[in-house]
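What follows is a set of notes on a single structure, which appears directly below.
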Amino acid sequence: MNIQTIIQALHAVREQKPLVVNITNYVVMNNTANALLALGASPIMAHSREEMAEMMSFAGALVINIGTLDSAWTPRMAFAVEQANIHHRPVVLDPVGCGASCLRAETSRQIAKSANKLIIRGNASEIISLAGEKGQSKGVDSLDSAEKAVNAARFLTEEYQCNVVISGDVDFVVTKEGQVQLHNGHAMMPHVTGMGCTLSALTGAFAAVGEETGLAAAAVLGVVGEIAAEQSKGPGSLQVNLLDTLYQLDDETLIQRLKLA
Numbered sequence: 008m009n010i011q012t013i014i015q016a017l018h019a020v021r022e023q024k025p026l027v028v029n030i031t032n033y034v035v036m037n038n039t040a041n042a043l044l045a046l047g048a049s050p051i052m053a054h055s056r057e058e059m060a061e062m063m064s065f066a067g068a069l070v071i072n073i074g075t076l077d078s079a080w081t082p083r084m085a086f087a088v089e090q091a092n093i094h095h096r097p098v099v100l101d102p103v104g105c106g107a108s109c110l111r112a113e114t115s116r117q118i119a120k121s122a123n124k125l126i127i128r129g130n131a132s133e134i135i136s137l138a139g140e141k142g143q144s145k146g147v148d149s150l151d152s153a154e155k156a157v158n159a160a161r162f163l164t165e166e167y168q169c170n171v172v173i174s175g176d177v178d179f180v181v182t183k184e185g186q187v188q189l190h191n192g193h194a195m196m197p198h199v200t201g202m203g204c205t206l207s208a209l210t211g212a213f214a215a216v217g218e219e220t221g222l223a224a225a226a227v228l229g230v231v232g233e234i235a236a237e238q239s240k241g242p243g244s245l246q247v248n249l250l251d252t253l254y255q256l257d258d259e260t261l262i263q264r265l266k267l268a
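In terms of this note's numbering, the sequence shown is numbered consecutively and its last residue is 268.
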């Protein structure tokens, strides 16, 4: 995928305004909903089984984030994936803290196994743990570099017939066709909670318009985060500036800023 394809995907999101169903954690609901709106998509935080079949019949994509996992949510997530499969919708899995507990690892693997059109977005430790290896993490924070997770991501693309986005100082997008590196972003971004969750939500918006590699979302958030951080005094102002920058992002800025390898 080249820069023009990413730009076309951004235009498609803004023109089509796809509905993205989010089963996500309590910590980031506001952040991710606002980011989707700033991008041009339409978010809904839907956690009820009773409405999920109806939601997935007209939604563009499903994002599942296991950050505040519990026994009530797990069957709802499974049912939502079933409905996404029935309606041929892409599923974005964010395996938050995968490896921090057996529950998170097993739940993530069950979701990955059941989704027909899957994109996995996680940090390096989550990707390594999801692949069955031992990642280094502290709760939901990764202590591994993204580069160390590339082999694990390749395994996941084969195991689950999916695409994988690894977030880190350098982002990696891994598909069956190969891998791409993104050298954007800023060191301040990990100091804002839910930044990775935001990327997962944006990945759902792009998947809803047919960009199912995860590259466009990673490219956009990397560029936007970089610009916003340059304008911010700290994590508090970064959150506000990131939304404004995402809303104002244009083709020329993407072309000038994006660092693909």
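Note that beta-carbon positions come from the ideal geometry of N, C-alpha and C, so glycine has one too.
Q: Inspect the beta-carbon positions of Val105 and Ser115 and report whether they are closer than 9 Å.
A: The residue asked about is misnamed: residue 105 is Cys in this sequence, not Val. Taking 9 Å as the cut-off, the Cβ atoms of Cys105 and Ser115 count as close.
Q: Closer than 8 Å by C-beta to Ala85: which residues in its own chain qualify, once you throw out the five before and the five after it? Chain order, please.
A: Here Ala85 has Gln117, Ile118, Ser121 as same chain residues with Cβ atoms under 8 Å from its own Cβ, once five neighbours each way along the sequence are excluded.
**Q.** Inter-residue CB distance, His190 and Gly232 (contact presumed, cutoff 8 Å)
**A.** For His190 against Gly232, the beta-carbon gap comes to about 12 Å, at or over 8 Å, which does not count as contact.
Q | N- and C-terminal bounds of the beta strand (DSSP E) containing Arg82 | A | Rather than Arg, the amino acid found at residue 82 in this sequence is Pro. No beta strand (DSSP E) holds Pro82; the alpha helix (DSSP H) holding it covers 80-93.
Q. According to the neighbour-count rule (16 or more other Cβ atoms, all chains shown, within 10 Å of its Cβ), is Thr182 buried or exposed?
A. Buried, because 16 or more other Cβ atoms sit within 10 Å of the Cβ of Thr182.
Q. Which value, in whole angstroms, describes the spacing of the CA atoms of Asp251 and Ala235?
A. For Asp251 and Ala235, the distance between alpha carbons rounds to 8 Å.
Q.
Can you look up Met8 in the DSSP assignment and give me helix, strand or coil?
A. Met8: coil per DSSP, three-state reduction.
Q | Presumed contact (8 Å Cβ cut-off) between Val230 and Thr260, rounded CB distance | A | About 7 Å separates the CB atoms of Val230 and Thr260; that is less than 8 Å, so the two are in contact.
Q: Quick one: residues in its chain with C-beta nearer than 8 Å to the C-beta of Arg83, no 5 flanking neighbours on either side, listed in chain order?
A: Cβ neighbours of Arg83 beyond the five flanking positions: Ile30, His54, Ser55, Arg56, Met59.
Q) Since Leu69 and Ala87 are thought to touch, with beta carbons under 8 Å apart, how far apart are those beta carbons, to the nearest angstrom? A) Yes, they are in contact, since the Cβ atoms of Leu69 and Ala87 sit about 6 Å apart, within 8 Å.
**Q.** CB-CB length for Arg128 against Gly221, believed under 8 Å
**A.** That belief holds up - the Cβ atoms of Arg128 and Gly221 are roughly 6 Å apart, short of 8 Å.
Q) Nearest to Glu89 by alpha carbon, out of Asn123, Ile134, Leu163, Asn41? A) That would be Asn123, whose Cα lies nearest to the Cα of Glu89.
Q.
Would Val199 and Phe179 be called neighbours here (beta carbons separated by less than 9 Å)?
A. In this structure, Val199 sits away from Phe179, with a CB-CB distance that is not shorter than 9 Å.
Q.
So, under 8 Å CB-CB, Pro3 and Ala215 are touching, yes? Tell me the CB distance rounded to an integer number of Å.
A. Shown here, the chain extends from 8 to 268; a query on residue 3 therefore has no answer.
Q. When burial is assigned at 16 or more other CB atoms within 10 Å of the CB, is Ser239 buried or exposed?
A. Ser239 comes out buried.
Q: Give me the Cα-Cα distance between Ser136 and Val103, rounded to the nearest whole angstrom.
A: The alpha-carbon separation between Ser136 and Val103 amounts to approximately 11 Å.
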